């Protein structure tokens, strides 16, 4: 039996998550349901894309991912089912899939067409569950929809490089539970554009000229008291491969996080300038 994951902005206070799970179990009594998160900021598509990109690969091939964020059906927001990287995604066509599909081409995309039989103000419950369970039973995507070859692209997910290849213009993509600021600038883009040149990262009124490989590198080898570094700001590439601005051992209740202490918010601009040909203070992880 395939795993079915749930990623939504429903929260856990209301009945929505329980109703969706109940509907899945009614269709597939032996279903294996995993909550990725229900705490997406309401209607935040880029946050959804980031979390989904960095979680789906941990599941076995054949897993079906139901995504319920900004899922109300409209002429501009169709419902789609996608087979991609040996996984299935049942979601609105609002751009959230573009972060994954920017690197991996979908094998098949269909526009779900069962709405003629189901009129609903709660499509995750009434439509997405039916589609996910149909796929879990081995159903072919073309039975529940018409094959299409395009999906909506989310432009703000993609950072830009200027014509002279001396600057990357990115932005804040996500702020995590520690207040760390994750940008849309990948390690691959940094290395491809930077080509070993020195650099300066500009984030609000702060700048960084060094990128660490991990958080505790900021301590150094000779430090005797690591606590003296609590609250220090640093830049690193996180485990997902994106540039992150952090506060060492941040605590939102005491020290604070990078978002609050540095005044960085979702969609704020992050710029990397590259200079003369010299090696930066950064060694890519192997």
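In our numbering, the protein residues as written are 7 to 292.
Idealized CB from N, CA, C, for every residue including glycine.
Owing to the predicted nature of the structure, the values given are computational and were not obtained by experimental measurement.
Whole angstroms are fine: how far does the CA of residue j sit from the CA of residue i?
{"i": "residue 117", "j": "residue 218", "result": "43 Å"}
{"i": "residue 185", "j": "residue 211", "result": "17 Å"}
{"i": "residue 238", "j": "residue 253", "result": "5 Å"}
{"i": "residue 155", "j": "residue 241", "result": "38 Å"}
{"i": "residue 94", "j": "residue 281", "result": "43 Å"}
{"i": "residue 167", "j": "residue 175", "result": "6 Å"}
{"i": "residue 234", "j": "residue 181", "result": "Only weak support is given to the placement of residue 234: the predicted model assigns it a pLDDT of 48, under 50, and the question is left unresolved by the model."}
{"i": "residue 149", "j": "residue 225", "result": "57 Å"}
{"i": "residue 23", "j": "residue 101", "result": "23 Å"}
{"i": "residue 294", "j": "residue 147", "result": "Beyond the ends of the chain as shown, which are 7 and 292, falls residue 294; an answer cannot be given."}
{"i": "residue 187", "j": "residue 271", "result": "8 Å"}
{"i": "residue 232", "j": "residue 268", "result": "Legend: pLDDT at residue 232 = 49, less than 50; position of this residue unreliable, no value from coordinates given."}
{"i": "residue 60", "j": "residue 246", "result": "6 Å"}
{"i": "residue 213", "j": "residue 221", "result": "17 Å"}
{"i": "residue 2", "j": "residue 251", "result": "This structure leaves residue 2 out entirely; the chain is present only between 7 and 292."}
{"i": "residue 54", "j": "residue 75", "result": "7 Å"}
{"i": "residue 194", "j": "residue 244", "result": "12 Å"}
{"i": "residue 229", "j": "residue 162", "result": "Here residue 229 scores only 49 on pLDDT, less than 50, and its place in the model is too uncertain to base an answer on."}
{"i": "residue 223", "j": "residue 31", "result": "47 Å"}
Could you tell me whether the Cβ atoms of residue i and residue j are closer together than 8 Å?
{"i": "residue 278", "j": "residue 173", "result": "yes"}
{"i": "residue 15", "j": "residue 52", "result": "no"}
{"i": "residue 86", "j": "residue 142", "result": "no"}
{"i": "residue 131", "j": "residue 264", "result": "no"}
{"i": "residue 38", "j": "residue 65", "result": "no"}
{"i": "residue 249", "j": "residue 196", "result": "yes"}
{"i": "residue 153", "j": "residue 216", "result": "no"}
{"i": "residue 157", "j": "residue 103", "result": "yes"}
Consult DSSP for residue i and reduce its assignment to one of helix, strand or coil.
{"i": "residue 222", "result": "helix"}
{"i": "residue 136", "result": "helix"}
{"i": "residue 232", "result": "Its pLDDT being 49, under 50, residue 232 is placed unreliably in this model, and the coordinates cannot settle the point."}
{"i": "residue 100", "result": "coil"}
{"i": "residue 212", "result": "strand"}
{"i": "residue 20", "result": "coil"}
{"i": "residue 240", "result": "strand"}
{"i": "residue 50", "result": "coil"}
{"i": "residue 252", "result": "strand"}
{"i": "residue 180", "result": "strand"}
{"i": "residue 156", "result": "coil"}
{"i": "residue 75", "result": "coil"}
{"i": "residue 128", "result": "coil"}
{"i": "residue 193", "result": "helix"}
{"i": "residue 207", "result": "strand"}
{"i": "residue 246", "result": "coil"}
{"i": "residue 41", "result": "strand"}
{"i": "residue 292", "result": "With a pLDDT of 42 at residue 292, under the threshold of 50, the modelled position of that residue is not reliable, and the figure given next carries that caveat. The answer is coil: DSSP assigns residue 292 none of H, G, I, E or B."}
{"i": "residue 198", "result": "helix"}
Residue i: which of the options sits nearest, CA to CA?
{"i": "residue 33", "options": "52, 139, 205, 179", "result": "139"}
{"i": "residue 58", "options": "176, 21, 12, 81", "result": "12"}
{"i": "residue 25", "options": "79, 78, 129, 96", "result": "129"}
{"i": "residue 17", "options": "192, 66, 191, 41", "result": "41"}
{"i": "residue 190", "options": "97, 177, 146", "result": "177"}
{"i": "residue 105", "options": "192, 183, 150, 76", "result": "192"}
{"i": "residue 109", "options": "77, 164, 183, 203", "result": "164"}
{"i": "residue 97", "options": "145, 195, 151, 67", "result": "151"}
{"i": "residue 3", "options": "72, 88, 135", "result": "An answer regarding residue 3 cannot be provided, because it is not within the stretch 7 to 292 covered by the chain."}
{"i": "residue 208", "options": "274, 199, 31, 44", "result": "274"}
{"i": "residue 160", "options": "31, 68, 83", "result": "83"}
{"i": "residue 43", "options": "99, 276, 62", "result": "62"}
{"i": "residue 135", "options": "20, 73, 67", "result": "73"}
{"i": "residue 80", "options": "91, 99, 92, 90", "result": "99"}
{"i": "residue 179", "options": "45, 56, 19, 21", "result": "56"}
{"i": "residue 77", "options": "127, 91, 119", "result": "127"}
{"i": "residue 144", "options": "27, 119, 45, 68", "result": "68"}
Does any residue of chain C have a CB that is nearer than 8 Å to the CB of residue i?
{"i": "residue 169", "result": "Structure shown: chain C not included; a single protein chain is present."}
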